[in-house]
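Before any comments, here is the structure.
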Amino acid sequence: MQVNKEIESQSALSRLRIMALWIARTPQRKQQWKIICKANGLKEKFIEYDVDTRWNSTHRMLRDALEAKQQIRKWIDHQHYLPPLVPKTGTVYNRLKLF
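Right under this line is the structure:
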């Protein structure tokens, strides 16, 4: 799949942005996020995605992603049609902690 190759070639920040937008785009995916979080006893808060017109939105997106680390992993585990958005090792999260 061409789309999978394009996603795989993106930076970690771009992949996070893609995932946040992907979930937020439809009520069905939002509901899926909530179901997965609830089934695993996790917070249902969505990841705020960044926009060019808000100066601190990237920081908010990164903060939300760090707080939702478990939710992201569980959600990705249920997505069979997308390539891995984050490496299994957690190195992306370790790098983001610097912020």
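Using the UniProt record's numbering, count along the sequence shown one by one with no gaps and you end on 99.
Where is the CB? At the ideal position from N, CA and C, for every residue including glycine.
(request) Give me the Cα-Cα distance between R63 and R73, rounded to the nearest whole angstrom. (result) Taking the sequence shown and counting its residues from 1, the one referred to as residue 63 is at position 63. Taking the sequence shown and counting its residues from 1, the one referred to as residue 73 is at position 73. Straight across, the Cα-Cα distance linking R63 with R73 is about 16 Å.
(request) Hey, could you find the ends of the alpha helix (DSSP H) D77 is sitting in? (result) Taking the first residue of the sequence shown as 1, we reach residue 77 at position 77. Residue range K69 to D77 is occupied by the alpha helix (DSSP H) that includes D77.
(request) Would you kindly work out how many angstroms separate the C-alpha atoms of K69 and C37, rounded to a whole number? (result) Taking the sequence shown and counting its residues from 1, the one referred to as residue 69 is at position 69. Taking the sequence shown and counting its residues from 1, the one referred to as residue 37 is at position 37. Those two C-alpha atoms are separated by around 11 Å.
(message) Distance check for E67 and A39, CA to CA, integer angstroms please.
(response) Residue mapping note: residue 39 aligns to position 39 of the sequence shown, counting from 1. Residue mapping note: residue 67 aligns to position 67 of the sequence shown, counting from 1. Pairing A39 with E67, the inter-Cα distance amounts to about 18 Å.
(message) I need the straight-line Cα distance from A24 to G41, nearest angstrom please.
(response) Position 24 of the sequence shown, counting from 1, holds the residue named residue 24. Position 41 of the sequence shown, counting from 1, holds the residue named residue 41. About 21 Å.
(message) For S32 and I47, I'd like the C-alpha separation in whole angstroms.
(response) Walking along the sequence shown from the start, residue 32 turns up at place 32. Walking along the sequence shown from the start, residue 47 turns up at place 47. Note on residue identity: the sequence assigns Gln, not Ser, to residue 32. Roughly 14 Å separates the two Cα atoms.
(message) Please report the straight-line C-alpha distance between Q71 and Y49, rounded to a whole angstrom.
(response) The residue given as residue 71 occupies position 71 in the sequence shown. The residue given as residue 49 occupies position 49 in the sequence shown. For Q71 and Y49, the distance between alpha carbons rounds to 15 Å.
(request) Pull up the distance between the alpha-carbon of K34 and that of M19, whole angstroms please. (result) Here residue 34 corresponds to residue number 34 of the sequence shown, with the count starting at 1. Here residue 19 corresponds to residue number 19 of the sequence shown, with the count starting at 1. Approximately 15 Å, taken between the alpha carbons.
(request) Counting only the same chain and skipping the five closest in sequence on each side, list residues whose C-beta sits under 6 Å from that of residue 100. (result) No information on residue 100 is available, as it lies outside the stretch 1 to 99 that the chain covers here.
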